[in-house]
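Okay, structure first, notes after.
There are 2 protein chains.
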Amino acid sequence: MGPTRIGIRHLRYTIAVADAGGFRAAAEALNIAQPAVSKTVQDTEKDLGFTIFQRGGSGFEITEPGRVFLDDARLTLAAFERTIRASRQNELGARGHIIVGYSALATSSHISAGLDRLNRLHPGCQVEMHVMSTDTMMKNLKTGEIDIGFLLFHESVQDPQVTQRPIWSTQIGVVVPRSIDDVSLDMLRDADFVIGVRENWRSFRALLDAAFVEPGLRPSIVDEAWDVQVIFQRVAEGRGLTFYPISAADSLPAALKIMAVPGWAPQLTIAMAWSNVADTKLLRAFRDSFCDNFACK
Amino acid sequence: MGPTRIGIRHLRYTIAVADAGGFRAAAEALNIAQPAVSKTVQDTEKDLGFTIFQRGGSGFEITEPGRVFLDDARLTLAAFERTIRASRQNELGARGHIIVGYSALATSSHISAGLDRLNRLHPGCQVEMHVMSTDTMMKNLKTGEIDIGFLLFHESVQDPQVTQRPIWSTQIGVVVPRSIDDVSLDMLRDADFVIGVRENWRSFRALLDAAFVEPGLRPSIVDEAWDVQVIFQRVAEGRGLTFYPISAADSLPAALKIMAVPGWAPQLTIAMAWSNVADTKLLRAFRDSFCDNFACK
DNA sequence: TCGGGTGATCGCACTTCGTTATCGGTCTGT
DNA sequence: ACAGACCGATAACGAAGTGCGATCACCCGA
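Taken in sequence, the protein lines are chains A and B. Under our numbering, the first residue of the first sequence is numbered 401, with each subsequent residue one higher. Under our numbering, the first residue of the second sequence is numbered 401, with each subsequent residue one higher.
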């Protein structure tokens, strides 16, 4: 069996077909004509020696070996694009491009401090930030769509393919309108709350549920929202209070403030996460610039 | 900045230049003409936006960003070839190809048992075995030249990029000609020994050195050899004795036998090792088929 | 049976990638 | 100092890879 004639292009097209759910759709997504996709996928199948897509009259199914190949190919393609992206010069003439995902809970001066630190070591290195839920982040880390994630450290968020390292801990406080002067456990029992929906805030909600048990809290949730902005908006309107890590105090709207509850201090840890497979010199430098900073490891 | 026009070929050629130490040498190694290499490397540099090789009158130097890029590119290329290799059908029509490195010390029925087990799960999956020293193995694991290694588990053999998992333990015995009936600590004090050279047997020698301390042994080494076959040959000739793990008893030549020394039982552990970056479905199956077997993890 | 959907095939143009021949450069030994 | 051996870069050109539009064969629901 000779050397492969498969290249990155073959992986990219084949993956696109699987993702787009069809040859025509893939061609559209890739901005090329459909026959080119057909041809490339056929070449790939011929080289590998098995069919990836079982074509039927309408639509197709992915064969079992095809599924295995696609899983591996996705990782490989992500690794490839990562090394190119990390090495290419950007507009500023400096090298590097890192895509970071972070949970809204991880907003903190700690993050910007780490980014400043990185910027001193690698001037002009571009960092692209995207807010996303913890679950989405884990998925994107595995597919290579993001390089690094900052998320809520929680036992329910584990994956053998993803390494996590705690970066800092803080405690959960109550977000209230500025007009309120103090809070207490008793007050929480009677208050109404606006909290993120479980679909998007699964691990934070799980952590809150656990924190409610000990003091016997059963907060009445009058409203749920998908995004933090909406939650804060509701709180500012006086619809209810909400819980948030105290380290994120800086990112609160002016109308709100966050306060620790005397006698109730649930801890929350933010961790940095990355795929075991994602490994470039630049990413190591990035991770180190965060770890040295907070004396972890 | 548009999408890259860099492909696997660019990585392969650029790496070849760095490895071969020259454009002409690289061309020869790749079995192509030299101008093709020049052109491809130039295209790569243009796309990345910096020079990888600083050409001087005679020879060249690798620039700092070039070195970083090359390190990443090596990993990426290895990942690419691994996924293709793992997916391609072999002559038997079954899928998979794994390259395994093993230390001569790891020869054992445990290994063949694990391979049998894998063969039941993945019939026809090709496994390519190469004997190499522990140090070479670590290097090859990192470059992706081998997928899995079986090596002597030793504190001096550590690398953040490589994961190790102990697979089995055994004890060290003395290899003697069949004519000898029993061995003792006192006998070892007077005997001559043939042992592997330190360059190729570094970690085993370190382990032996430590094991000699407690009973106060200072074996007289009359001969050193590079390969295990040569060592056994010398022992069979009566030149001296040697030390070897008892689990490898099966692989001894007929003229020799291995015996435990009463009152001296240094332990030795064999571990399976793999690069953190090396990750395909097939390799996970391989590792699992070994780990389940010996109830580790 | 007829449109509207799928993917496969064909023929042609452009790009990529390989070749050979040749150039200009630096070292080295006379 | 100069010839010769080595290096990498360049030029010109052929072969292969890769794109395109047009078209075909097929399945399905109206």
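Where a beta carbon is used, it is the ideal one built from N, C-alpha and C, also for glycine.
8 angstroms Cβ shell around residue i - same chain, five flanking residues per side excluded
i, result
"Phe-632 of chain A", "Val-575, Thr-642, Leu-652, Pro-653 and Leu-656"
"Lys-697 of chain A", "Any answer about Lys-697 of chain A is weak, because its pLDDT of 39 lies below 50 and its placement is not dependable; what the coordinates show is given next. Arg-565 and Cys-691."
"Asp-369 of chain A", "Because chain A here runs from 401 to 697, residue 369 of chain A falls outside it and cannot be looked at."
"Thr-536 of chain A", "Gly-501"
"Asp-719 of chain B", "In the structure as shown, chain B starts at 401 and stops at 697, and residue 719 of chain B therefore has no counterpart that could be examined."
Residues near residue i by beta carbon distance below 7 angstroms, same chain, minus five either side
i, result
"Ala-504 of chain B", "Val-531 and Val-628"
"Arg-412 of chain A", "Leu-477"
"Ala-418 of chain A", "Ile-462 and Leu-470"
"Phe-423 of chain A", "Val-417, Gln-434, Val-437 and Ser-438"
"Arg-589 of chain A", "Leu-617"
"Phe-480 of chain A", "Ile-408"
"Ile-406 of chain A", "Thr-444 and Asp-447"
"Ala-665 of chain B", "Gln-571"
"Ala-429 of chain B", "Ala-416 and Ala-420"
"Ala-611 of chain B", "Ile-572 and Pro-666"
"Thr-669 of chain B", "Phe-553, Pro-566 and Ser-569"
Contact under 8 angstroms by Cβ, residue i with residue j
i, j, result
"Asp-452 of chain B", "Thr-463 of chain B", "Inspection of the sequence shows that residue 452 of chain B is occupied by Ile rather than by Asp. Result yes, Cβ atoms of Ile-452 of chain B and Thr-463 of chain B sit closer than 8 angstroms."
"Ile-432 of chain A", "His-510 of chain A", "no"
"Arg-495 of chain B", "Ser-487 of chain B", "yes"
"Gly-663 of chain B", "Ala-591 of chain B", "no"
"Ala-671 of chain A", "Leu-551 of chain A", "yes"
"Ser-569 of chain B", "Ala-606 of chain B", "no"
"Ile-499 of chain B", "Asp-547 of chain B", "yes"
"Val-635 of chain A", "Val-594 of chain A", "yes"
"Ser-675 of chain B", "Gly-514 of chain B", "no"
"Asp-516 of chain B", "Thr-680 of chain A", "no"
"Gly-544 of chain B", "Gly-501 of chain B", "no"
"Thr-404 of chain B", "Ile-415 of chain A", "no"
"His-497 of chain B", "Ala-685 of chain B", "no"
"Ala-648 of chain B", "Ser-508 of chain B", "yes"
"Glu-614 of chain B", "Gly-596 of chain B", "no"
"Val-630 of chain B", "Val-677 of chain A", "no"
Exposure of residue i, with buried meaning 16 or more beta-carbon neighbours within 10 Å
i, result
"Trp-626 of chain A", "exposed"
"Thr-534 of chain A", "buried"
"Gln-564 of chain A", "buried"
"Ser-512 of chain B", "exposed"
"Ser-620 of chain B", "exposed"
"Pro-577 of chain B", "exposed"
"Ser-603 of chain A", "buried"
"Leu-541 of chain B", "buried"
"Leu-585 of chain A", "exposed"
"Arg-455 of chain B", "exposed"
"Leu-683 of chain A", "buried"
6 angstroms CB neighbourhood of residue i in its chain, flanking five on each side removed
i, result
"Gly-573 of chain B", "Ile-646, Ile-658, Met-659 and Ala-660"
"Gly-466 of chain A", "Ile-452"
"Ala-695 of chain B", "Note that Ala-695 of chain B scores a pLDDT of 44, beneath 50, so its modelled location is shaky; the value from the coordinates is reported in the next line. Excluding positions up to five away in sequence, the list is empty."
"Arg-687 of chain A", "none"
"Gly-528 of chain B", "It should be pointed out that residue 528 of chain B corresponds to Glu in this sequence rather than to Gly. These residues qualify, in order along the chain: Ile-499."
"Val-622 of chain B", "Asp-592 and Gly-640"
Which runs of the beta strand (DSSP E), 3 residues or longer, sit entirely within the segment 469–507 of chain A?
Fully enclosed beta strand (DSSP E) runs of 3 or longer: 497–502.
Any beta strand (DSSP E) of 3 or more consecutive residues that is wholly inside the segment 574–599 of chain A:
Counting only runs of 3 or more, we get 592–596.
For the segment 674–691 of chain A, which residues have a CB atom closer than 8 angstroms to at least one CB atom of chain B, in sequence order?
Hits within the stretch, in order: Asn-676, Val-677, Asp-679, Thr-680, Lys-681 and Leu-682.
Interface positions of the segment 433–466 of chain A facing chain B (Cβ-Cβ less than 7 angstroms), listed along the chain:
Listed by position along the chain: Leu-448, Gly-449, Phe-450 and Pro-465.
Which complete beta strand (DSSP E) runs does the segment 616–676 of chain A hold, if anything under 3 residues is left out?
Counting only runs of 3+ residues, the beta strand (DSSP E) found wholly inside the segment 616–676 of chain A occupies 620–625, 642–645, 656–659 and 667–675, in chain order.
Interfacial residues, the segment 465–479 of chain A to chain B, with Cβ spacing under 8 angstroms:
Listed by position, the residues of the segment 465–479 of chain A near chain B (Cβ gap below 8 angstroms) are Pro-465, Val-468, Phe-469, Asp-471, Asp-472, Ala-473, Leu-475, Thr-476 and Ala-479.
According to a CB-to-CB cut-off of less than 9 angstroms, which residues of the segment 402–426 of chain B neighbour chain A?
Residues are counted here when their Cβ sits less than 9 angstroms from a Cβ of chain A; for the segment 402–426 of chain B these are Thr-404, Ile-406, Gly-407, Ile-408, Arg-409 and Leu-411, given in chain order.
Cβ-based contacts, 8 angstroms cut-off: residues of the segment 640–656 of chain B near chain A
Answer set for the segment 640–656 of chain B: empty.
Please go through the segment 506–543 of chain B and give each complete beta strand (DSSP E) segment of 3 or more residues, from N-terminal end onward.
List check, beta strand (DSSP E) in window: 526–531.
Uninterrupted beta strand (DSSP E) stretches inside the segment 412–476 of chain B (no shorter than 3 residues)
Listed in chain order, the complete beta strand (DSSP E) runs (minimum 3 residues) inside the segment 412–476 of chain B are 453–455 and 460–462.
So if I threshold CB-CB distances at 9 angstroms, which residues from the segment 481–501 of chain B count as touching chain A?
Interface annotation for the segment 481–501 of chain B against chain A: Glu-481, Arg-482, Thr-483, Ile-484, Arg-485, Ala-486, Ser-487, Arg-488, Gln-489, Asn-490, Glu-491, Gly-493 and Arg-495, criterion Cβ-Cβ distance under 9 angstroms.
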